[in-house]
Every structure is written in C-alpha cells, then in structure tokens.
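Numbering (our numbering), first residue to last: 3 to 472.
Ideal Cβ positions, reconstructed from N, Cα and C, are used throughout, including at glycine.
Every value quoted in this text rests on a predicted model; they were computed, and no experiment measured them.
One structure below.
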Ligand SMILES: [Zn+2]
C-alpha cells in the first residue's frame, strides 16, 4: 500500500518526536529485559511454556516500570526542573528549598523520582507540586495497587488479597492486615448510602432496560427485606483483651427487576448490622430514588413484623407478598403434628396452599379450627391462625404468578449469603460492628456496580488530605 503524499511529507520533515525520549528509554529497558530472559535459552532442561510465562511475569516490570517512569518524567518535566512555585494558600512565590527522592510502586513496576520541595513559612506548609500533579500518595504502593487489593479484600483477608495481586501481576506487594484495616476504615468511612446505592439516573436506566422484557405492562420492581445473623464482638480494650462475641442481625434489602427465566436486573442491595429504625431511615432514602410511576412495586418478606412495617411505610402502594416457602413451612409444621398419615398430611398442605393462593384465608382458618379437638395442638394452631390473620392479603400467589410477580424471597436470601455470610462468617471471624458494616458497604457497592465510584471518592479524599497536610 502506498502512503499518501501528505503522510510522506510529514515523515520527511525534521519534526521533533514528542515520544523520542520515551522511545529511547523503552528501547533501553527492552534490552535490559531481554538480557534478564536470556538464561531461559541456556538452561540444561528446556523450560516449559508455564516456566517461560512465569519468568516473563516476574521480570516484565523491568520494561513496563521503565516505560511508566519515563512517561511520567516526560509529562511532568516542567515540575521536575522548576525552581520556584506559588504557595497554594497565600499565593506567594516560593523558592525551591530542596529536592527529595521518592520511590513508588505501581502495577507496572517500581519507579523513582527526584522532585522539588517548597515550604511557605508564613502559612507553615510544605509541599511537593509533583505529588499533587501525579497523585503520588505517601505510601510506596500507589493507588492502582491499592484499588486492586481492596477489591479483592472484599472477598478475602487483606494480606491474602495483597499476596494474590502480587502473584498475578509479578509486582512485589507487601501489605499487612493492619494496613488493610486502616484502608478499609478510610474507604468505608466515605462509602455512604448515597454512593453505594446507584443514582436515580442509573436506576431509571436499569428500569428502561427491564422494560423490553415487559412489552404489555410496566416492569415489576421487587423490594425484598430480610435479616440474617452474623458474629460480632466489642472493640478490644487497651490491654488488647477482647470481650465476648455476640450474634447480631444484619438487615438486608434488595431491590431488583425480575426479567426472564429466573434472571434479574439488580437495582440495589444495602445490608447493615443495625436496628430496625436505622434500617427504616435507610430504606426511605432508597425509596426516594425509585420512579414509582414507571414500575409495579412488589414487596416480599417473611413473617417478621419489622419487615412489613418497614416495607409498607416506605412503599405504601406496593403489592404485599408473603414468602410462599416460609408460609408453607408454617402450614407444614402444624399439619405434621395433626396427621398420622403422611399422604393425608401432604394432601391437606397442598389444599391449604391452593386455597391461600386464591386468597381464601378464612376457609383455611376454619379448617384449622376444626383441628382444635386435640388440646395438645392448640398452642401451635393458635400461632398459625394469628400468622394467617396477620398476613391476610399477602397470599394471592395465583394472581402474582399471572402478573409476573415473584412469590419467593430467594433473591434476598441469596443476597444475604453472597453479600454477608461469605465474607463475614469466615471461620473464626468476629467483627467489630463498624468494621463489619464497612465491609458490607463495600460488598454492596461491588454488587450494585458502584465500587469504582466509591474508590474514586476515597482517592479524591486522600489527595485532598495530602494537599492540606503538605
Ligand atoms: Zn503561604
């Protein structure tokens, strides 16, 4: 293929290549790297594919780290050579006080930079302008490493997460659980509900996406609420002694749009170890983000009264559905005590569930009252009758099925498992409530698709702190 005349002219003109320095540095680094790899060809036993790949992973930062370093130095050339700068506070011109060395580590490898330092005596602040421009943090490991380790640490202990990042990237990353604890506190401190839960605009987009599966009517938006227990402990005292552990309830809400074949579109999950009033306040905030005119809201829960008080207060127009399986479990328990014949028992349970599905609650209650001839059963019977009366109107499963409304709260129970249990119930783990809640917020962010935004807020806060502290 011939080149156009214009391109030819450009190539022949003696223009300075802005990449020239980087290109030169990269070529040098490439040569160094190839030298590092050369023993592969002289080994007595020829290395396997995996061995070659591992060696490349372990050594490639010679090239990538070198390229990163030279790109940085080119981009920030003016800051590396400047002799004066303005005080960020009083704007006075300051003379360079000294040059400080900084070693840093990124996912591409390590680098080293000599950058000017300024000090304003009037304002009492000292600063490196380059750090601000590059967003170079105080620690050796920079933000790209921190982000990857943190993301993994939502699945496993922090130290293990650092080891894994190191293993995969070939970059030595040594971060302790202690460092992880501090980072987790910092990040979860800014991971508030307003950032962990998607924005109104994002929620509308997800509803729009679900609409194509509902050609004739508005999509169903399910709000499911449930509690699950998790191990907690008080903070260690000054002598490092830990008090006795205690199981506390993690309250979790999940909002989602069922689409087809058991698939759903996630709107938001929010799980916290907190009391019912705090949970109510949080769900009210989430409810404000929902365009109720664009969806049919269905409320799903088990029999707990706080669940229903919360759901109906936050979504007064929602269609209330008592979890089918919880309901059946209660019915089953009573039938088992009453019938000796298992076939008759099953028949009665099926018939009771069928009547409930048609919302014929009174017919089931009348049947139960006839069981009362046996006084031993009356306690459990009374409980079931109260349960059915309390949840009257939350049973019409037949209509729900016709209208595409789910009748089982499996989606919130599985959310409890994958958001809370998997991380919080690792063997031997007892969580201080604040830390457990921090971890829960990060895990919710991961599942809500908002983790990057959370990290971005953390990054901004960290950079701002650096600026003010100098
Ligand atoms: Zn100043």
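(message) Just to confirm before moving on: does the CB-CB distance between residue 221 and residue 270 stay below 8 Å?
(response) Taking 8 Å as the Cβ cut-off, residue 221 and residue 270 do not qualify as a contacting pair.
(message) Does any residue of chain D have a CB that is nearer than 8 Å to the CB of residue 331?
(response) In the structure shown, chain D does not exist; there is a single protein chain.
(request) Pull every residue with its beta-carbon under 6 Å away from any heavy atom of ligand 1, and keep them in chain order. (result) 89, 91, 92, 94, 122, 124 and 125
(message) Using a 10 Å radius around the Cβ and a threshold of 16 neighbouring Cβ atoms, would you call residue 251 buried or exposed?
(response) buried
(request) In angstroms with no decimal places, state the Cα-to-Cα distance between residue 4 and residue 186. (result) Residue placement at residue 4 cannot be trusted, given a pLDDT of 46 that sits under 50; what the coordinates show is reported in the next sentence. So the two alpha carbons sit approximately 57 Å from each other.
(message) Going by C-alpha to C-alpha distance, which of 438, 408 and 313 sits closest to residue 263?
(response) 408
(message) Out of 304, 99, 369 and 402, which one is the CA nearest neighbour of residue 129?
(response) 99
(request) Name the residue from 86, 291, 348 and 261 whose alpha carbon lies nearest to the alpha carbon of residue 206. (result) 291
(request) Would you kindly check if the distance between the Cβ of residue 67 and the Cβ of residue 126 is under 8 Å? (result) no
(request) Give the C-beta separation of residue 283 and residue 456 to the nearest angstrom, bearing in mind that I take them to be a contact with Cβ-Cβ under 8 Å. (result) Their Cβ separation, rounded to whole angstroms, is 21 Å, which puts residue 283 and residue 456 out of contact at 8 Å.
(request) Check the DSSP bridge columns for residue 233 and list the partner residues they point to. (result) 249
(request) Report yes if the C-beta distance between residue 176 and residue 164 is below 8 Å; otherwise report no. (result) yes
(request) Kindly indicate the opening and closing residues of the beta strand (DSSP E) around residue 97. (result) 95–97
(request) Give a yes or no on whether the C-beta atoms belonging to residue 442 and residue 421 are separated by under 8 Å. (result) Cβ atoms of residue 442 and residue 421: closer than 8 Å.
(message) Using only CA atoms, which one of 119, 107 and 76 lies nearest to residue 87?
(response) 119
(request) Pick out whichever of 180, 337 and 173 has its Cα sitting closest to the Cα of residue 159. (result) 180
(message) Distance check for residue 425 and residue 233, CA to CA, integer angstroms please.
(response) 11 Å
(request) With a threshold of 16 other CB atoms inside 10 Å of the CB of residue 34, please say whether the residue is buried or exposed. (result) exposed
(message) Is the beta carbon of residue 64 closer than 8 Å to that of residue 31?
(response) Remark: C-beta atoms of residue 31 and residue 64 approach each other more closely than 8 Å.
(request) Kindly indicate the opening and closing residues of the beta strand (DSSP E) around residue 321. (result) 321–324
(message) On the CB-based measure, 16 or more other CB atoms within 10 Å of its CB, does residue 44 come out buried or exposed?
(response) exposed
(message) Comparing C-alpha positions only, which one of 434, 355 and 140 sits nearest to residue 461?
(response) 140
(request) Reducing DSSP to helix, strand and coil, say where residue 273 ends up. (result) Under the three-state reduction of DSSP output, residue 273 falls in the strand class.
(request) For residue 440, collect the residues of the same chain with a Cβ closer than 6 Å to its Cβ; drop the 5 residues on either side in sequence, then sort them by chain order. (result) 186 and 190
(request) Rounded to whole angstroms, what's the CA-CA distance from residue 150 to residue 286? Just pull it up for me. (result) Straight through space, the alpha carbons of residue 286 and residue 150 are spaced by roughly 33 Å.
(message) Just verifying my parser: in three-state terms, what is the DSSP assignment at residue 260?
(response) strand
(request) Closer than 6 Å by C-beta to residue 322: which residues in its own chain qualify, once you throw out the five before and the five after it? Chain order, please. (result) Only residues of its own chain outside the window of five on either side were considered, and among them 301 and 396 have a CB closer than 6 Å to the CB of residue 322, listed in chain order.
(request) Verify whether the separation of the beta carbon atoms of residue 211 and residue 267 is less than 8 Å. (result) yes
(request) Say whether the stretch 351–368 touches the stretch 309–318, bearing in mind that this needs 3 or more beta-carbon pairs closer than 8 Å, one atom from each stretch. (result) no
(request) Please say whether residue 254 and residue 279 have beta carbons closer to each other than 8 Å? (result) no
(request) Under 7 Å Cβ to Cβ from residue 296, same chain only, skipping five residues before and after it: list those, please. (result) 209 and 220
(message) To test your reading of the DSSP string, which unbroken beta strand (DSSP E) runs of 3 or more residues are found completely within the stretch 109–181?
(response) If only complete runs of 3 or more residues are kept, the stretch 109–181 shows the beta strand (DSSP E) at 111–122 and 127–129, in order along the chain.
(message) Between 133, 298, 245 and 46, which has its C-alpha nearest residue 464's C-alpha?
(response) Of the candidates 133, 298, 245 and 46, the one whose C-alpha sits nearest the C-alpha of residue 464 is 133.
(request) Give me the Cα-Cα distance between residue 275 and residue 316, rounded to the nearest whole angstrom. (result) 19 Å
(message) Less than 7 Å between C-beta atoms, sequence neighbours within five positions excluded: which residues of the same chain meet that for residue 400?
(response) Apart from the 5 residues on each side of it in sequence, residue 400 sits with its Cβ closer than 7 Å to the Cβ of 359 and 360 in its chain, given in chain order.
(request) Measure the Cβ-Cβ separation of residue 326 and residue 406 and say whether it is below 8 Å. (result) no
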